[in-house]
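Residue numbers (our numbering): 1 to 226. Here a beta-carbon is modelled for each residue, glycine too, at the ideal position from N, C-alpha and C. No experiment lies behind these values; they were computed from the predicted model shown.
What follows is the structure in structure tokens.
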């Protein structure tokens with residue numbers, strides 16, 4: 001058993017480890033505008049944050065009656081890759097937290113395997129994560145269903161009630177709670193400044209924090225001694 005109440009920490013990727021959600025949102029707004037769909041960053045944050053790409057596309061088709069051209073996904077992903085190469089940054093303080101953890105950890109993301117691998121590489125985190133990367137492509141149902149978090153915990157050999165999840169989106173919070181895990185909400189990503197309404201689930205996350213330098217404060221046992 002690890003020290004303290006947790007034997008495993010599962011980190012979401014986009015909006016938690018890397019400050020990517022605002023970049024993705026801007027590119028999605030831009031590409032949809034070319035097709036006559038006018039949404040803003042707040043709309044993206046409220047309706048799409050934490051969702052997989054197929055879910056986002058299905059929502060656009062349903063809500064706007066738009067049959068997206070076959071080229072849309074490839075164009076969007078290429079534009080996003082170019083933006084990531086120029087703008088993507090690791091969240092401040094994340095590297096220090098990962099390197100100081102006294103318990104095992106992994107990453108569970110709604111992103112596709114290819115995008116997750118690429119994002120972590122650009123942010124300088126790929127080697128740290130190694131094989132501990134789990135994506136929605138490995139389970140039947142993405143967030144807010146609990147499948148991905150339960151799958152990641154099972155692969156890491158840890159019970160759900162001994163698992164801590166770090167999430168940013170309401171979708172991710174709901175998924176972690178449905179999995180029977182403790183969840184902390186990280187609110188330090190740039191996308192939290194889009195003006196989207198903040199509607200955490202009921203019950204709310206066990207903790208909310210916006211700075212990874214504060215990560216170990218409530219549970220010092222999660223940090224290895226210096």
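Chain B beta carbons: is any one of them nearer than 8 angstroms to that of residue i?
i	result
residue 70	No chain B is part of this structure, which consists of one protein chain only.
Can you find the residues in the same chain that come closer than 6 angstroms, C-beta to C-beta, to residue i, ignoring five residues on each side of it along the sequence?
i	result
residue 1	Caution is warranted here: a pLDDT of 40 is assigned to residue 1, below 50, making its placement in the model unreliable, and no coordinate value can be reported.
residue 120	126 and 129
Return the CA-CA distance between residue i and residue j, expressed in angstroms with no decimal places.
i	j	result
residue 29	residue 193	16 angstroms
residue 71	residue 171	28 angstroms
residue 132	residue 103	13 angstroms
residue 107	residue 83	23 angstroms
residue 116	residue 225	31 angstroms
residue 64	residue 157	43 angstroms
residue 97	residue 61	40 angstroms
residue 137	residue 15	19 angstroms
Quick check on residue i: does DSSP put it in helix, strand or coil?
i	result
residue 2	In this predicted model, residue 2 has a pLDDT of only 48, less than 50, meaning its place in the structure is not dependable enough to derive any value.
residue 82	helix
residue 187	coil
residue 70	coil
residue 217	coil
residue 208	strand
residue 39	coil
residue 16	coil
residue 48	coil
Output yes or no for whether 8 angstroms exceeds the beta carbon distance between residue i and residue j.
i	j	result
residue 8	residue 94	no
residue 145	residue 178	yes
residue 218	residue 207	yes
List the residues that DSSP assigns as beta-bridge partners of residue i.
i	result
residue 134	108
residue 31	BP columns for residue 31 are empty, so no partner.
residue 90	18
residue 223	101
For the ligand PLP, is there any heavy atom lying closer than 7 angstroms to the beta carbon of residue i?
i	result
residue 71	Only the bare structure without any ligand can be found here, which leaves the ligand PLP out of the picture.
Spatial neighbours of residue i within its chain, please: C-beta separation below 8 angstroms, excluding the five flanking residues on both sides.
i	result
residue 76	27, 28 and 31
Residues in its own chain within less than 7 angstroms of residue i by CB, not counting five upstream and five downstream?
i	result
residue 205	173, 183, 184 and 185
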